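If you're matching them up, the sequences are chains V and C in order. Under the UniProt record's numbering, the first residue of the first sequence carries the number 1, and numbering increases by one thereafter. Under the UniProt record's numbering, the first residue of the second sequence carries the number 1, and numbering increases by one thereafter. Every residue gets a Cβ at the ideal spot worked out from N, C-alpha and C, and that includes glycine. The structure displayed is predicted, hence computed values, not measured ones.
There are 2 protein chains.
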Amino acid sequence: MATQADRHPSPNHYDIAVAVIVGAGPVGLMLSTCLARWGYKIKHIDNRAEPTATGRADGIQPRSLDLLRNMGLKSAIMAHKPARVYEVAFWDPPKAGGSGIARTGTWASCPSFIDARYPFTTLLHQGLIERVFIADLEKNNVKIQRPWTIKGFTSDEKENPEYPVTVQLEHVDGDKKETVKAKYLFGGEGARSFIRDQLKIGIKHKDPIAYVWGVMDGVVKTDFPDIKMKCTIHSEHGSIMVIPRENNMVRLYIQIASSTDPDFNPRKTATAEEVQASAKKILQPYSIEWENVEWYSVYPIGQGISDKYTLDHRVFLGGDACHTHSPKAGQGMNTAFLDALNLAWKIHAVEAGFADRKVLETYEPERKDVAETLLSFDNKYAKLFSQRPPAANEVAAASAAGAGGGQEENQFINTFKESCEFTSGYGVFYKANSLNWSPSHPAQSHVVHPKSTKLVPGRLCINADVTRVVDANVVHLEQEIPLNGSFRLFIFAGKPSVSAQALRDLATNMAKKNSFYMSYARTDMDRVSHHERHNPHSHFFTCCTIFAAARPEIEISRDLPPLLARYRDHVYADDRWDRRVPDAKACAHAKFGLDQEKGGVVVVRPDGYVGVVVALEEGSATTDALNQYFGSFCTKKLGGTQAQL
Amino acid sequence: MATQADRHPSPNHYDIAVAVIVGAGPVGLMLSTCLARWGYKIKHIDNRAEPTATGRADGIQPRSLDLLRNMGLKSAIMAHKPARVYEVAFWDPPKAGGSGIARTGTWASCPSFIDARYPFTTLLHQGLIERVFIADLEKNNVKIQRPWTIKGFTSDEKENPEYPVTVQLEHVDGDKKETVKAKYLFGGEGARSFIRDQLKIGIKHKDPIAYVWGVMDGVVKTDFPDIKMKCTIHSEHGSIMVIPRENNMVRLYIQIASSTDPDFNPRKTATAEEVQASAKKILQPYSIEWENVEWYSVYPIGQGISDKYTLDHRVFLGGDACHTHSPKAGQGMNTAFLDALNLAWKIHAVEAGFADRKVLETYEPERKDVAETLLSFDNKYAKLFSQRPPAANEVAAASAAGAGGGQEENQFINTFKESCEFTSGYGVFYKANSLNWSPSHPAQSHVVHPKSTKLVPGRLCINADVTRVVDANVVHLEQEIPLNGSFRLFIFAGKPSVSAQALRDLATNMAKKNSFYMSYARTDMDRVSHHERHNPHSHFFTCCTIFAAARPEIEISRDLPPLLARYRDHVYADDRWDRRVPDAKACAHAKFGLDQEKGGVVVVRPDGYVGVVVALEEGSATTDALNQYFGSFCTKKLGGTQAQL
């Protein structure tokens, strides 16, 4: 997908790359993995000689596991047999009085009111996760250059509109230097970002240093019954958070100091032995002995957000370079992944000639808003549970409310529900802009955003099981299109007998020369292999058609016009039963809130967030609305002509 | 687990092994993988220089996938992205008349009346499956010696009671020779078994040569809509079976000759071009072009069964050496796996000192009976579908019958149901003997085989989801104990408040010195790591306790006596909803047909088949019955003494 220019010999002995990525933690690796897969030349450096050896982030939230599966990386991660956290347990001083601790409650870490495919948090050492990405990069001939560091950079579109960024790189020993010309520079260097400092971008601290934490990874022998659960333990001797890990390991977070302490000192520290002694006291009456300690660290954590994520939409920041916060909710790596993914597909859309350069301007507001939510959530979460854990009936009520009840009177339940949604990753959402339809979007017609739909532009699409028509495989619809950088058109086609004409009209209008679809058609369309499943016509779109019919009733060549029939591996029967809509005949249609007879078209952004929902109608209204939607951010004027495919 | 003697220096320059295994196809690999994992020294040879390169068996049936997952090998197989067959389509000349073919029906390859975890057939090239086993063997330092062949062997228990088998091996070039002394020799060399010939064991042919088949693997371009399904196509130009494969490949079986042909000639053959031309005609009006052909072979297939699987219970045969049949039902590899597994755990039980040598005498009758069923099924299956495919309402009726209805009047439906159960692997069963309880078994008391149970000794245990107590993980109960060669004791404990005394009594009686459990206790029990999950007390037993209670209500240290509490990773809450028993409070208890208050004990053989079911009662009756059951085939006299753990 990279332009020919990328492969030109470098002028003036400069190395040339589409993007220089600094830092090979989760954010940098996600960005380079996406860009490398989509055909872009990457220069990726890290100042560490090896991937993370011990410690650091380890929590993969439910929605991030969906993403990793969509990238084909889930099984490599699961091969390490990570711990899975389904529930969180709360331990406090016994209510009845007396010494020690007692379990006061448990709650699901991803309760059933969230329609998650994997309702658990996956815990695995960050280094192992990094290696899964590194192995994938190597398949695309990208090798992280280590240990190298960035020494300086300039960015000037006027001087060089094609490769405006010049980056100076150096081996950490100082004995080798390189200059790279690039279209983009990305700083994923963590909290102490050189690039952010050079850009003189400040950090807004909510609380300069809010906590000092001790973190210890190791193997223990204990009779504490919840050692394989995530636990929040409050005792008169202090607080601990327990996180289970792979290989019989456990991570203990021990709060050494908090800004709420009367004698708070952000430089307070503790030795491993002190922390172990402290843990022993906190866990009484249970015993705990350490068989080995793999990692121990003390670090002060401030809540901070970078003022800007970019100045010129050429040099970008992401991950810990943009936001720091307590590790307790396990959000760091997940937020980093989403920063990178958000930027990756937008760079792709711009560089491959589909989207106007302005879409890059949506990166900062979309991701900064999520970081703000994360920080305020981090505070709320702490406060919520310092008051009291949720009672079983409140958890049940929250679940019922989630399933459609209107019990909005209980503040506690609302906060609880929001927390679960947010930490699982399913609650992350983007506000209205050109990509996320709203009533103020340029795309306006009677077919846009049908009233019945349960999808919300800017929020994630809904998970659903369907049956693939060609091979009768039961599949997860949300996983059917790999993370290929394309927009996903889910054409819910209702009943074949009802929607036949609407489907024909949709295909006819999509095939017109100036439609969103044909304006960005592949120039090599005639030479594409008949085995190509996802991008036979365009690198920017993959189409799926889902009928509200039993699989044996569907005949692809009879029920679909040729343009859509070409996606024969992406035709599905909505004939799987779903406990969430037990009485629906077509459960995916029902869950999406689309007409089970007439259907509807759902546009999903390449990162899985809903762009727009359009009713499927006879005539040109459906395609007209799609032309308006894509026309608001793509490079060409869409619609209005009559030329045919 | 291997005895010290195995590591002694070889006397008289002989090499020493517990077992010599000849042939590294599915049957040999399964046997050596099990034995190597359980600590036995293996000599494994194959006369091919490399694993299977192309062609041969490729169908993994649903129950075999359970087994592979239980061995931890499923994800390595799935990493190759095999094809999955959920449905079979039938194509015949159009009923309305005219030329060509039309789809006359489809049916699930593993319909929902079978409670399968993976209701599909997995299709992957045999060589890739072999390599998964070979990689696992290498972890246990077993390397297949290739290309080596067997030149002769003797077996004489009188001469050498410990290593009665002497095997002469030779490199296929004839330039290297070895002599190995072993306890066992296994012939997994395929239909033309040298070992079987040497033993002068005959083959009973049902039909000397029943069919001549052409088989072609490759990539095609076709507009035949079911090319990714398993299809049986009958046309006026001949018959084809279509099997989808990994990597866009397809396998076509084309019948070149059948003994039912008037001019049948078992030596009839056909070139690849002739078969392709024939396929073109059969598929009309659809087109088919071959992009490449990976493998093509013509082979006559006779249905035959070896008269004996062993003469002396030291030299055994398994796999194709014992049974040959048509490949159409995809049973070859699956039957081979089960031959090997059946033998492997019995060798282990005998060699590790648990079972009487007589259990080896159950190998032949158990497995030969399954082979007989396979062959008669192979005939029945062919006949059934040469008559007509099942109608949709018959498929529905079969499902209803499977779900508990009494519609036994329709012969067609019964045969159809039996076929599905058998081909899926869930219908394979073993007849009554010392391992599989029956009313004539020595274990007789009022607690044995409670009336309500839905389990049948000799049949597979039932799959069920439960919640693991220590970490709240939702797990597949049948997968919780790995294939470790141990008997599995599933102690369904009903309500903790009701069963408390019965559990205490069970543990007390199990802890007695001469119980089945303590008679075979580990001698190193005191030094076992507290991380050991499956075999803390004995190499022959792993215990699971399943309460009919919600997870948060269960306290392991309070609700279980110490002997069972030691298996803290194997304590479960039967609190997951199951669509098959939608109204049950404890679905696993309900599916197993066990009392939801009082529970029951299910003994499952190391290969997953039910041995015996015993009610869980206060007093000693439950343990007494278990002592009787195990006493019928183990080496020691069980029960009757009062010594304590």
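How is the beta strand (DSSP E) around residue i delimited, first residue to last?
i                      : result
W107 of chain C        : 102-108
E138 of chain C        : Per DSSP, E138 of chain C belongs to no beta strand (DSSP E); it is in the alpha helix (DSSP H), 126-139.
W345 of chain V        : Element bounds for W345 of chain V: not the beta strand (DSSP E) but the alpha helix (DSSP H), 332-351.
S258 of chain V        : 249-258
D465 of chain V        : 465-468
L563 of chain C        : Run containing L563 of chain C: none in the beta strand (DSSP E); it sits in the alpha helix (DSSP H), 562-565.
E298 of chain V        : Checking the sequence shown, residue 298 of chain V turns out to be Val, not Glu. Segment 288-306, the beta strand (DSSP E) holding V298 of chain V.
residue 675 of chain C : Since the first residue shown for chain C is 1 and the last is 645, residue 675 of chain C is missing from the structure and cannot be characterised.
residue 646 of chain V : There is simply no residue 646 of chain V to check, as chain V begins at 1 and stops at 645 in what is shown.
I150 of chain C        : 148-155
V315 of chain V        : 315-317
K230 of chain V        : 230-235
H476 of chain C        : 474-476
Which residues of chain A have a Cβ atom closer than 7 Å to the Cβ of residue i, listed in chain order?
i               : result
T106 of chain V : The chain labelled as chain A is not found among the protein chains of the depicted structure, namely V and C.
Closer than 8 Å by C-beta to residue i: which residues in its own chain qualify, once you throw out the five before and the five after it? Chain order, please.
i               : result
N334 of chain V : G59, I60, Q61, R63, S64, G425
V470 of chain V : I556, R568, D569, V571
V475 of chain C : D465, V466, T467, R468, Y572
W345 of chain C : C34, G485, R605, P606, D607
Over the uninterrupted alpha helix (DSSP H) stretch that includes residue i, give me the two end residues.
i                      : result
C587 of chain C        : 587-592
L506 of chain C        : 496-510
R275 of chain V        : It should be noted that the sequence gives Val, not Arg, for residue 275 of chain V. Note, V275 of chain V: alpha helix (DSSP H), 272-283.
residue 668 of chain V : This structure does not reach residue 668 of chain V, given that chain V is present from 1 up to 645, and the question cannot be answered.
Report buried or exposed for residue i, applying the criterion of at least 16 other Cβ atoms within 10 angstroms of its Cβ.
i               : result
I16 of chain V  : buried
H531 of chain C : exposed
E364 of chain C : buried
P582 of chain V : exposed
Q501 of chain V : exposed
H446 of chain C : exposed
K158 of chain C : exposed
Spatial neighbours of residue i within its chain, please: CB distance less than 6 Å, with the 5 preceding and 5 following residues excluded, ordered by chain position.
i               : result
A584 of chain V : A590
D339 of chain C : V27, G318, G319, R367
A336 of chain V : P26, V27, G319
L185 of chain C : V20, F153, V165, V167, V315
Helix, strand or coil, according to DSSP, for residue i in the structure here?
i               : result
R527 of chain C : helix
Y430 of chain C : coil
F224 of chain V : coil
R56 of chain V  : coil
H323 of chain V : strand
C420 of chain V : helix
F547 of chain C : strand
N484 of chain V : coil
I209 of chain C : strand
A89 of chain C  : strand
S538 of chain C : strand
S376 of chain C : helix
K454 of chain C : coil
T269 of chain C : coil
Q145 of chain V : strand
A371 of chain V : helix
Once you ignore the five residues that flank residue i on each side, which residues in its own chain have a CB closer than 7 Å to its CB?
i               : result
Y629 of chain V : W437, A443, V603, G611, V612
Runs of alpha helix (DSSP H) lying entirely within the segment 160-198 of chain V, each at least 4 residues, in chain order: With a minimum length of 4 residues, the unbroken runs of alpha helix (DSSP H) contained wholly in the segment 160-198 of chain V fall at 194-198.
My parser needs the beta strand (DSSP E) runs of 3 or more residues fully inside the segment 582-639 of chain V; what are they? You should have 600-604, 610-614.
May I have a chain-ordered list of the alpha helix (DSSP H) segments no shorter than 4 residues that lie completely inside the segment 12-87 of chain V? Secondary structure remark: continuous alpha helix (DSSP H) runs of at least 4 residues inside the segment 12-87 of chain V, in chain order: 26-37, 62-70, 74-78.
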